[in-house]
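See structure below.
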Amino acid sequence: MNRFLRFVSFSLVVALLITTINTTILSSKVAAATVTTTDNGDYTQEDVEELAGVLEILFEKGIIYDENGAEIGYDKEIIKEELSGTEYSSWIDEIEEEGLLFNSDNENYFTHNELKNNNNSPKLMAAGKSKRDAYLDKCITAKLSESFGPVAITAIVHSIRKKSFIKAAKQLLKMGIKSGGIAISLGWMLSSCIRSADKKGL
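In the working numbering, the protein residues as written are 3 to 204.
The following block contains the structure:
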């Protein structure tokens, strides 16, 4: 099985194991993903910062890219440093066993900061074009709507794509979500959409 299919398959399994959803708050279509929720959507600034931090790790700081700008997994050092000793510890072990943790010092891999400074690859330069952005927004919105229903999904997607992690965390928490576990599901969904965009040459 090629790395992409393994990555997507494993991603779905991890999303099923890590997250929990109170189906009275969110769409009953979500049978697998689970997140702790509250009926009134109350949350603290600490909740916002914790969820925003996990979103930032999964959507920016912790991602490793290949020389073509394709997301291939996570930065071993960042993931272990930021998420060890948390509710994600078992997830770290599983993605490591699947070969999805990479050392950022490998010359063939790029971190988020290195990727921003590398303008030589046509795929990297194309990544910011509006056609790709529109495709990614449509893809992730469809996946989220299918899983969670249409409630505030578009706004959350745009906040994450713009790296407005505090805003995205607040939007998720307003939906009644009380756990950073949803961030893992979002990460896998976005990763799948990025791979699809790459396959389409966007």
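The beta-carbon is built from N, C-alpha and C at its ideal position, and this holds for glycine as well. Computed from a predicted model, the values in this text were never measured in an experiment.
Answer with buried or exposed for residue i, where buried requires no fewer than 16 other C-beta atoms within 10 angstroms of its C-beta.
i      : result
Glu58  : buried
Lys202 : exposed
Asp77  : buried
Glu250 : Residue 250 is absent from the model: the chain starts at 3 and stops at 204.
Thr113 : buried
Gln173 : buried
Gly75  : buried
Lys133 : exposed
Ser161 : buried
So what's residue i in DSSP terms, helix, strand or just coil?
i      : result
Asp107 : coil
Glu73  : strand
Tyr67  : strand
Between residue i and residue j, how many whole angstroms is the CB-CB distance? I'm expecting something under 8 angstroms.
i      : j      : result
Ala157 : Leu53  : The pair is not a contact, with the Cβ atoms about 15 angstroms apart (cut-off 8 angstroms).
Leu192 : Phe104 : Wrong, their Cβ atoms sit about 18 angstroms apart, outside the cutoff.
Ile168 : Val56  : Not quite, the Cβ-Cβ distance comes to about 12 angstroms (not below 8 angstroms), so this is no contact.
Cys45  : Leu175 : Contrary to the premise, residue 45 reads as Tyr rather than Cys in this sequence. That pair is a contact at about 4 angstroms.
Ser86  : Ile97  : Going by Cβ atoms, the distance from Ser86 to Ile97 rounds to 13 angstroms, so no, they are not a contact pair.
Which residues in the same chain as residue i place their Cβ atom closer than 7 angstroms to its Cβ, once the five residues preceding and following it in sequence are excluded?
i      : result
Asn110 : Asp68 and Glu69
Ser198 : Cys141
Ser106 : Ile66, Asp77, Glu79 and Thr113
Among the residues of its own chain, which have a CB less than 8 angstroms from the CB of residue i, if the five just before and after it don't count?
i      : result
Lys165 : Glu58, Phe61 and Glu62
Val159 : Asp139, Ile142, Thr143 and Leu146
Asp135 : Arg163
Leaving aside the five residues before and after residue i along the sequence, list all residues of the same chain whose C-beta is less than 6 angstroms from its C-beta, in chain order.
i      : result
Gly101 : none
Lys64  : Per the sequence shown, the amino acid found at residue 64 is Gly instead of Lys. These residues qualify, in order along the chain: Tyr76, Asp77, Ile80 and Ile81.
Asn108 : none
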